[in-house]
Amino acid sequence: QSLDKLDDASFGLPIDITAFPQKLKEAGYATHMVGKWHAGHASTKQLPKARGFDSFLGYFSGGEDHFTQEATDAENLKDFWEQNATYSGPAYQQAASAYGDRQFFEHVVQIVQAHSAEQPLFYYVAFQNPHAPLQAPSNMLQGFPTDWTSGREKYAGMVRFLDGAMRNIVEALKHRDMWQHTLFVFSSDNGAYSSGNNWPLIGEKAQPFEGGVRLAAFISGGFIPSSLRGTKQEGYMHLADWYATFCNLAGVDPFDATAAAAGLAPVDSVNLWPLISGSVAESPRQEMPLYVGGAERNALISGRYKLVSWNSRYAQWAPDCPTLTTPCPRWGMSDCTEGCVYDILADPSEASDISKEVPGVTFQLLARMTELRIGMQDYPSTPETVLAWTVWRSKYNGFLGPWLDLD
-8 QSLDKLDDAS FGLPIDITAF PQKLKEAGYA THMVGKWHAG HASTKQLPKA
42 RGFDSFLGYF SGGEDHFTQE ATDAENLKDF WEQNATYSGP AYQQAASAYG
92 DRQFFEHVVQ IVQAHSAEQP LFYYVAFQNP HAPLQAPSNM LQGFPTDWTS
142 GREKYAGMVR FLDGAMRNIV EALKHRDMWQ HTLFVFSSDN GAYSSGNNWP
192 LIGEKAQPFE GGVRLAAFIS GGFIPSSLRG TKQEGYMHLA DWYATFCNLA
242 GVDPFDATAA AAGLAPVDSV NLWPLISGSV AESPRQEMPL YVGGAERNAL
292 ISGRYKLVSW NSRYAQWAPD CPTLTTPCPR WGMSDCTEGC VYDILADPSE
342 ASDISKEVPG VTFQLLARMT ELRIGMQDYP STPETVLAWT VWRSKYNGFL
392 GPWLDLD
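Each residue of the sequence shown is one higher than the one before, starting from -8 at the first, in the working numbering.
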């Protein structure tokens, strides 16, 4: 939850956890990825190809310049890597050659066009847009209201580009007659931040309130039963649930024997295809730990209630902002030292802390949070600054990449 330094060898998905592309390989899938990895890069064993992907074009860190592919957390260090059947190394030719998300969708289209339709295909497309830094091609910034702030224009322009990129991917699938068999999943990974808008919810990215964690998502494709198209599903679903759901659809067991043998916790994922397909009306997912930290920094959803034990400022939004005359967000300050409780089904805007009105619920949520903290597995930070930077400069000529387990 907290390790996120470029030169930290402890950051990333533990080696003994089986990633779901590895599971899909068991079912004969071709597996490819573009975009943001951000799941560990200290060792070659952590890179996408070692975690089940046949190919990868993207970056390792939390963010990068959209045009130059320079890492935002390190000056003069590019973050662009390619892996395929014959190569694994810095994407020297592609770096700074075009807008990042353009390179990603064009790479996807190229793979789809060359793919044998007889083999099942999984593609993870982790676009950077609209992640900071706010940068969009100039032709994406035309036609917005004149009273919008520059940040809002850029944010909307990035989303506009994202929309067109997805359209190109869908058209490629349709051209190959693959769309009729496709399950297309689109989801954000967090709420918007200051140049976006989460109204009528409160909170933003990295905050435990609904504006930070209730995400925009949809599924499409010919694989969706016709009776469900255009409907809305309001049952709980965590992003982690795609692990078990994809495994179920591929016909493989989601149980992670490798992790179990290493003494790691079981996969926290629930097969939600029965909910998505309409076979059941209620979601099997009823609990979602949002943040498990010390005694003063926790968030948990259980049933209709959310516990927030977290003192921090939070974003407050308005219907049409930010504009030149109506800046947003404004900021509130939570006082949840003893734990705030919200009924997020009746009160999704989290306007009323009901912890004192439902003391039994509050006690149960706090007790459950204590249980989760006891079972939490964390790793100490182990930065290796000198070795990492030496490899990045001398071996990779100024590109970010692994510095351990090298040939």
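Note that beta-carbon positions come from the ideal geometry of N, C-alpha and C, so glycine has one too.
This one's a predicted model, so the numbers in the text were calculated from it and none came from an experiment.
inquiry  = Please give the ranges of any alpha helix (DSSP H) in the segment 243 to 273, keeping only runs that are unbroken, at least 4 residues long and fully inside the region.
reply    = Entirely contained in the segment 243 to 273, the alpha helix (DSSP H) runs reaching 4 residues are, in chain order, 248 to 252 and 264 to 267.
task = Return the first residue and the last residue of the alpha helix (DSSP H) that residue 297 is part of.
result = Careful: residue 297 lies outside any alpha helix (DSSP H), inside the beta strand (DSSP E) at 296 to 301.
inquiry  = Looking at residue 228: is its Cβ nearer than 9 Å to the Cβ of residue 174?
reply    = At least 9 Å separates the beta-carbon of residue 228 from that of residue 174.
query = Looking at the unbroken beta strand (DSSP E) that takes in residue 143, where does it start and where does it end?
reply = Boundaries for residue 143: no beta strand (DSSP E) harbours it, while the alpha helix (DSSP H) harbouring it runs 141 to 166, taken from the DSSP string.
ask   = Identify the residues that DSSP records as bridge partners of residue 188: which are they?
value = Partner residues in a beta bridge of residue 188, as assigned by DSSP, do not exist.
query = Where do the N-terminal and C-terminal ends of the alpha helix (DSSP H) with residue 12 fall, by residue?
reply = Counting along the chain, the alpha helix (DSSP H) containing residue 12 begins and ends at 11 to 17.
ask   = The beta strand (DSSP E) with residue 136 in it runs from where to where?
value = Segment: none, residue 136 is in no beta strand (DSSP E) and carries neither H nor E.
task = Below 6 Å CB to CB, which residues in the same chain sit around residue 32 once its five sequence neighbours on both sides are set aside?
result = Hits under 6 Å: 51 and 393.
query = Any idea if residue 377 is buried or exposed, counting beta-carbon neighbours within 10 angstroms, 16 or more meaning buried?
reply = Taking every protein chain shown into account, the CB of residue 377 has fewer than 16 other CB atoms within 10 angstroms, so this residue is exposed.
query = Considering residue 324, what are the terminal residues of the beta strand (DSSP E) in which it resides?
reply = DSSP places residue 324 in the uninterrupted beta strand (DSSP E) bounded by 321 to 324.
ask   = Is residue 317 helix, strand or coil when you go by DSSP?
value = In this structure, residue 317 counts as coil in the three-state DSSP scheme.
Rounded straight-line distance, which links the Cα of residue 98 to that of residue 89 = Answer to the nearest angstrom: the Cα atoms are 12 Å apart.
query = Would you call the CB atoms of residue 221 and residue 170 closer than 9 Å?
reply = Between residue 221 and residue 170, the C-beta spacing is not below 9 Å.
message = Less than 8 Å between C-beta atoms, sequence neighbours within five positions excluded: which residues of the same chain meet that for residue 296?
response = Sequence-distant partners of residue 296 (beyond 5 residues in either direction) whose C-beta falls short of 8 Å from its own C-beta, in its chain, are 332, 333, 334, 335, 349, 352 and 356.
task = Please list, in chain order, all residues of the same chain as residue 294 whose beta carbon is under 7 Å from its beta carbon, the five residues on each side excluded.
result = Hits under 7 Å: 277.
ask   = Can you tell me whether DSSP reads residue 233 as helix, strand or coil?
value = In this structure, residue 233 counts as helix in the three-state DSSP scheme.
query = Whose C-beta lies closer than 8 Å to the C-beta of residue 251 among residues of the same chain, with five residues either side of it excluded?
reply = Scanning its chain for C-beta atoms nearer than 8 Å, with the 5 sequence neighbours on each side dropped, one finds around residue 251 the residues 257, in chain order.
Cβ neighbours of residue 313 in the same chain (closer than 6 Å, five flanking residues each side left out) = These residues qualify, in order along the chain: 140, 143 and 319.
ask   = What are the boundary residues of the alpha helix (DSSP H) that residue 203 is part of?
value = Unbroken alpha helix (DSSP H) run through residue 203: 201 to 204.
ask   = Is it right to say residue 61 is buried, meaning 16 or more other beta carbons lie within 10 angstroms of its own, or is it exposed?
value = By the neighbour-count criterion, in which a residue is buried when 16 or more other Cβ atoms sit within 10 angstroms of its Cβ, residue 61 is buried.
inquiry  = Please report the distance separating the alpha-carbon of residue 365 from that of residue 79.
reply    = If I take the Cα positions, the gap works out to 39 Å.
message = Checking the sheet assignment: what are the DSSP bridge partners for residue 46?
response = When DSSP reads this structure, residue 46 sits in a beta bridge with 23.
key: Range of the contiguous alpha helix (DSSP H) that encloses residue 334   = Per DSSP, residue 334 belongs to no alpha helix (DSSP H); it is in the beta strand (DSSP E), 331 to 334.
task = Tell me where the beta strand (DSSP E) around residue 209 begins and ends.
result = Secondary structure note for residue 209: its beta strand (DSSP E) is the uninterrupted segment 208 to 211.
request  = Report yes if the CB atom of residue 201 is closer than 9 Å to the CB atom of residue 184, and no otherwise.
outcome  = No, they are not a contact pair.
key: Cβ pair residue 146, residue 187 closer than 9 Å   = In contact: residue 146 and residue 187 (Cβ atoms closer than 9 Å).
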